[in-house]
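Visitor:
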Amino acid sequence: MKYKPLELPLYLRDYHRYRHPLVKHKLVWFRKFRGRRWIYGQNFGDYLSIVVVGELLRRASTLNTLPPVDGRMLAIGSIIHFAQDNDIIWGSGVNGKMDRADHRFSNLDIRMLRGPRTKHFLEEMGIRVDCNVFGDPALLIPHLFPKLKYRPKKDKHIVIPNLNELEQVQKLVPSEVRLVSPVGYWRKITEEILTSESVITSSLHGLILAEVFGVPVRFVHPIGGETLFKYEDYLEGTGRVMSTVPPSFENGFSLEMGVSFPKPQVDITRMLESFPFL
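Numbering (full-length UniProt numbering), first residue to last: 1 to 278.
#1: Keeping to the same chain, check which residues put their C-beta closer than 6 Å to that of Val-169; ignore five residues upstream and five downstream.
#2: Taking all protein chains shown into account, do 16 or more other C-beta atoms lie within 10 angstroms of the C-beta of Leu-8, making it buried, or fewer, making it exposed?
#3: Relative to the C-alpha of Ile-208, which candidate in Asn-107, Met-271 and Leu-139 has its C-alpha closest?
#4: Should Met-271 be labelled buried (16 or more other beta-carbon atoms within 10 Å of its own) or exposed?
#5: Could you check if Gln-84 is buried or exposed, using at least 16 other CB atoms within 10 Å of its CB as the buried criterion?
#6: For Thr-190 and Ser-202, what's the separation of their Cα atoms in angstroms?
#7: Name the residue from Asn-86, Val-173 and Val-212 whose alpha carbon lies nearest to the alpha carbon of Pro-146.
#8: Can you tell me whether Ser-49 is buried or exposed, with buried defined as 16 or more other CB within 10 angstroms of its CB?
#9: Rounded to the nearest angstrom, what separates Gly-206 and Leu-27 at their Cα positions?
#10: Could you check the C-alpha separation between Glu-167 and Ser-260 for me, to the nearest Å?
#11: Keeping to the same chain, check which residues put their C-beta closer than 6 Å to that of Asp-14; ignore five residues upstream and five downstream.
#12: Candidates Gly-225, Glu-197 and Asp-130: which alpha carbon is nearest Lys-153's?
#13: Let me check one thing: in DSSP terms, what residues is Ser-248 bridge-paired to?
#14: Put Arg-151 into one of helix, strand or coil per three-state DSSP.
#15: Across the segment 118–130 and the segment 249–258, are there enough close Cβ pairs to call them in contact, namely three or more that are closer than 8 Å?
#16: With burial defined as no fewer than 16 other Cβ atoms inside 10 Å of the residue's Cβ, what is the status of Val-51: buried or exposed?
#17: Would you say Phe-275 and Trp-90 are within 9 Å of each other, going by their C-beta atoms?
#18: Note down, one range per segment and in chain order, each alpha helix (DSSP H) of at least 4 residues found wholly within the segment 162–237.
#19: Cβ of Leu-228 within 9 Å of Cβ of Gly-45?
#20: Would you list, in sequence order, the uninterrupted beta strand (DSSP E) runs of no fewer than 3 residues that lie entirely inside the segment 99–128?
#21: Count the other CB atoms, across all protein chains shown, that sit within 10 Å of the CB of Ile-268; report buried if there are 16 or more and exposed otherwise.
#22: Between Asp-70 and the rest of its own chain, which residues show a CB-CB distance below 7 Å, the 5 nearest in sequence each way excluded?
#23: Can you look up Leu-139 in the DSSP assignment and give me helix, strand or coil?
#24: Skipping 5 residues on each side, what residues in its chain have a beta carbon closer than 7 Å to that of Ser-78?
#25: How would you write the range of the beta strand (DSSP E) that Val-159 sits in, first residue to last?
#26: Would you report the Cα separation of Tyr-18 and Arg-58, rounded to the nearest angstrom?
#27: From Phe-277 to Arg-72, what does the alpha carbon distance come to, in whole angstroms?
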């Protein structure tokens with residue numbers, strides 16, 4: 001009698017794939033829900049930090065010869081207020097809801113920032129910022145996972161709300177429209193994006209993944225207290241500006257709502273060269 005090999009849950013596959021000590025012990029990422037570090041139900045945008053950093057480390061020829069890292073590393077997310085002196089910053093951004101007093105550091109090892117607004121914020125704090133490399137590390141997902149391709153299904157349109165407005169948006173979007181929660185396994189949410197004719201989103205990483213894979217996407221203003229800072233920071237870091245304030249789901253739903261942007265300008269080579277451990 002033949003037995004099928006035991007298949008690990010998807011998030012546990014990530015745990016085994018990205019178990020480098022730097023990822024396990026040094027990488028700072030925002031967990032909305034506390035508990036096990038590799039829990040399935042996290043905001044997928046924040047969880048992408050594990051995926052991108054872990055995948056780059058897994059591929060690095062120097063994987064087993066990395067020098068000891070004294071500080072920590074911050075990558076994807078509006079998490080710079082979590083930074084401490086001498087931490088490595090690679091693609092992180094400022095949280096527009098946090099005050100300057102919430103940032104308790106005087107020196108950072110900055111390799112890449114999400115965008116120029118974060119750079120300006122840090123410079124106004126007196127932090128030395130020598131780098132001019134901008135971008136969210138999630139922009140590297142198509143490069144790191146080339147088998148992921150856009151393959152839309154006819155008449156499939158999805159809505160991905162911001163994490164902080166999920167319950168409100170559930171009441172505002174018609175039942176016939178597919179609502180995709182940002183809380184879930186990153187590959188499943190990415191597949192939802194890649195198989196849709198269009199995406200309407202107030203999730204930053206819903207916007208980023210749709211744009212970088214060439215999926216038609218419209219951005220709507222988040223409700224529930226989220227500011228536009230991180231969206232404008234990302235847009236300006238990829239050569240665009242938000243010229244008009246987009247509507248929110250509270251303004252009434254339609255498949256044509258929101259605003260679209262020109263194609264992002266992404267320099268993959270510079271982003272990869274800025275990674276501290278390649």
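C-beta: ideal position from N, C-alpha, C; glycine also.
This structure is a prediction, so every number in the text was calculated from the model and none was measured.
Guide: In short:
#1: Within the sequence shown, numbered from 1, the residue matching residue 169 stands at position 169. Closer than 6 Å at the Cβ level, and outside the excluded window around Val-169, lie Pro-161 and Phe-249.
#2: Locating residue 8 in the sequence shown gives position 8, counting from the first residue. Caution is warranted here: a pLDDT of 47 is assigned to Leu-8, below 50, making its placement in the model unreliable, and the coordinate value is therefore given only provisionally. Per the 10 Å Cβ criterion, exposed.
#3: Along the sequence shown, one-based indexing puts residue 208 at 208. It is Leu-139.
#4: Translated into the one-based positions of the sequence shown, residue 271 becomes position 271. Burial call: buried.
#5: Numbered from 1 along the sequence shown, position 84 holds the residue referred to as residue 84. Flag for Gln-84 reads exposed.
#6: As a working mapping, residue 190 is identified with position 190 in the sequence shown. As a working mapping, residue 202 is identified with position 202 in the sequence shown. Those two C-alpha atoms are separated by around 15 Å.
#7: Along the sequence shown, read from residue 1 onward, the residue named residue 146 stands at position 146. The option with the nearest alpha carbon to Pro-146 is Val-212.
#8: Locating residue 49 in the sequence shown gives position 49, counting from the first residue. Classification of Ser-49: buried, given that the 10 Å Cβ count is 16 or more.
#9: Counted from its first residue, the sequence shown places residue 206 at position 206. Counted from its first residue, the sequence shown places residue 27 at position 27. The alpha-carbon atoms of Gly-206 and Leu-27 are separated by roughly 22 Å.
#10: Here residue 167 corresponds to residue number 167 of the sequence shown, with the count starting at 1. Here residue 260 corresponds to residue number 260 of the sequence shown, with the count starting at 1. Cα to Cα, Glu-167 sits roughly 24 Å from Ser-260.
#11: Residue numbering aside, residue 14 sits at position 14 when the sequence shown is read from its first letter. Hits under 6 Å: none found.
#12: Walking along the sequence shown from the start, residue 153 turns up at place 153. Per the Cα distances, Glu-197.
#13: Numbered from its first residue, the sequence shown carries residue 248 at position 248. DSSP, once it has assigned bridges, lists His-221 as partnering Ser-248.
#14: Taking the sequence shown and counting its residues from 1, the one referred to as residue 151 is at position 151. Reduced to three states, the DSSP call for Arg-151 is coil.
#15: no
#16: As a working note, residue 51 is residue 51 in the sequence shown. That one is buried.
#17: Numbered from 1 along the sequence shown, position 275 holds the residue referred to as residue 275. Numbered from 1 along the sequence shown, position 90 holds the residue referred to as residue 90. Taking 9 Å as the Cβ cut-off, Phe-275 and Trp-90 qualify as a contacting pair.
#18: 166–172, 186–194, 204–212 and 229–237
#19: Within the sequence shown, numbered from 1, the residue matching residue 228 stands at position 228. Within the sequence shown, numbered from 1, the residue matching residue 45 stands at position 45. Cβ distance not < 9 Å, so Leu-228 and Gly-45 don't count as in contact.
#20: 109–113
#21: What you label residue 268 is simply residue 268 of the sequence shown in a count that begins at 1. Ile-268 is exposed by the Cβ-count criterion.
#22: Here residue 70 refers to the residue found at position 70 of the sequence shown. Once the five neighbours on either side are set aside, the close Cβ partners of Asp-70 are Asn-86.
#23: Position 139 of the sequence shown, counted from the start, is the residue given in the question as residue 139. Helix at Leu-139.
#24: Here residue 78 refers to the residue found at position 78 of the sequence shown. These residues qualify, in order along the chain: Gly-93, Val-94, Asn-95 and Lys-230.
#25: Here residue 159 is taken as the residue at index 159 of the sequence shown, counted from 1. Segment 157–160, the beta strand (DSSP E) holding Val-159.
#26: Indexing the sequence shown from 1 puts residue 18 at position 18. Indexing the sequence shown from 1 puts residue 58 at position 58. For Tyr-18 and Arg-58, the distance between alpha carbons rounds to 7 Å.
#27: As a working note, residue 277 is residue 277 in the sequence shown. As a working note, residue 72 is residue 72 in the sequence shown. Cα-Cα distance, rounded: 13 Å.
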